[in-house]
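So the sequence shown is residues 407 to 532, counted in our numbering.
We put the CB at the ideal spot given by N, CA and C, even for glycine.
Single-structure report; data block below.
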Amino acid sequence: MPAEYWFPEGCFISEWANTPDDPACSLARARVLPGHTTRWHWLTGTTERYAILSGQGRMELGHPGTTPPIATATAREIMAGDVVLIPAGTPQRITNTGTDDLVFLAVCTPRFTPACYHAEGDAPAG
């Protein structure tokens, strides 16, 4: 498995597949510690899917085009086996509500690049 690093959004990331040679898709493993919540963030021009591998949590999706504070449009409990679709431009955050690490795969289409990433406090989503 590729090396894991801390991402300022509030989770650990391990990039499994993300190269310019395959611009259509990227794949990363994310890990959120118990009791932690990631920052509100969104990706412009990139759709994400979270495939939950282990742990449990709460997934929140906000209104596209809003500025912080971001109003939650939907929230749902998640656990191993769930898949969450996150359309491009949709603010999102995830909370680990369990006692074990929350681990999931983040599948991005097209691939994730730093230029598509925005976090709470940045310019409006959309």
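Residue closest to residue i, alpha-carbon to alpha-carbon, out of the options
i           : options            : result
residue 434 : 527, 519, 525, 526 : 519
residue 516 : 411, 409, 436, 453 : 453
residue 398 : 438, 427, 430      : Coverage of the chain is limited to positions 407 through 532, which leaves residue 398 absent and any answer about it impossible.
residue 492 : 486, 501, 468      : 468
residue 423 : 441, 521, 511      : 511
residue 418 : 507, 426, 521      : 507
residue 498 : 425, 443, 521, 504 : 443
residue 503 : 522, 479, 462      : 462
Cβ-based neighbour list, residue i, same chain, cut-off 6 angstroms, excluding 5 preceding and 5 following
i           : result
residue 445 : 415, 416, 525, 526
residue 421 : 408, 434
residue 514 : 432, 452, 454
Range covered by the beta strand (DSSP E) that runs through residue i
i           : result
residue 494 : Per DSSP, residue 494 belongs to no beta strand (DSSP E) and is neither H nor E.
residue 503 : Residue 503 -> no beta strand (DSSP E), and no H or E assigned at all.
residue 418 : 417-423
residue 508 : 508-515
residue 413 : 411-413
residue 434 : 432-438
residue 521 : Segment: none, residue 521 is in no beta strand (DSSP E) and carries neither H nor E.
Spatial neighbours of residue i in its chain, beta-carbon cut-off 8 angstroms, leaving aside the 5 residues before and after
i           : result
residue 481 : 464, 465, 466, 467
Own chain, CB closer than 7 angstroms to residue i, minus 5 neighbours either side, in chain order
i           : result
residue 459 : 486, 509, 510, 511
Just list the beta strand (DSSP E) runs in the stretch 443-470, keeping only unbroken ones of 3 residues or longer that don't cross its boundaries, in chain order.
-> The stretch 443-470 contains these whole beta strand (DSSP E) runs: 447-449, 453-460, 462-468.
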